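A.B. asks:
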Amino acid sequence: ILMHVYIFVCRFLGATRQYLCLSLLKNSALSVMSVFQLLCSMFMSLLSRLRSGLKAEIGIFFPMLVLRVLENVLQPSFLQKMTVLNLLERMCEDPQLVIDIFVNYDCDVESPNIFE
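When we follow my numbering, the leftmost residue of the sequence shown carries the number -14, and every step to the right adds one.
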């Protein structure tokens, strides 16, 4: 039974990478606020539930969704910045998530620094 669970998890992560992550990537450049809020919500779900299986993807999406909005003074709207700040607040409510991100990205020489 453990083998069946393992196969299911592998297939699920593969489908998530193939479809959901690709959709997030394609839509991350859109400036439609409702789409951006949905992207942030989906990203939080990925962080909360699938971070161990989607390490590379999270390392790509974090800068695209969070840092791009916070670092760009002219482009993002006030609502986008508030959405990202709310996302960061939700992330910080889970201490293990913050530790996992720091250890798996900033402390890993082969991964991008997220908190730096």
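Just so it is clear, CB atoms sit at the ideal spot from N, CA and C, and this is done for glycine as well. For clarity, every value in this text was computed on a predicted model and none was experimentally measured.
#1: Leaving out the 5 sequence neighbours to the left and right, which residues in its chain are closer than 8 Å to residue 82 when beta-carbon positions are compared?
#2: Determine the extent of the alpha helix (DSSP H) in which residue 7 is found, giving its start and end residues.
#3: If residue -2 sits next to residue 28, beta carbons under 8 Å apart, how far is it from one beta carbon to the other, in whole angstroms?
#4: Rounded to the nearest angstrom, what separates residue 55 and residue 69 at their Cα positions?
#5: List the endpoints of the continuous alpha helix (DSSP H) containing residue 63.
#6: Going by beta-carbon coordinates alone, are residue 86 and residue 100 separated by less than 8 Å?
#7: Helix, strand or coil, according to DSSP, for residue 83 in the structure here?
#8: Output the boundary residues of the alpha helix (DSSP H) element that contains residue 60.
#9: In angstroms with no decimal places, state the Cα-to-Cα distance between residue 10 and residue 88.
C.D. replies: Considering the structure as presented:
#1: For residue 82, where only same-chain residues beyond five positions count, the Cβ hits under 8 Å are 32, 33, 36, 76.
#2: Annotation for residue 7: the continuous alpha helix (DSSP H) segment containing it runs 7 to 12.
#3: Their Cβ separation, rounded to whole angstroms, is 16 Å, which puts residue -2 and residue 28 out of contact at 8 Å.
#4: Cα to Cα, residue 55 sits roughly 8 Å from residue 69.
#5: Residue 63 -> alpha helix (DSSP H) spans 63 to 77.
#6: Contact flag set, yes.
#7: Note: residue 83 maps to helix in three-state DSSP.
#8: Counting along the chain, residue 60 falls outside any alpha helix (DSSP H), and DSSP gives it neither H nor E.
#9: So the two alpha carbons sit approximately 24 Å from each other.
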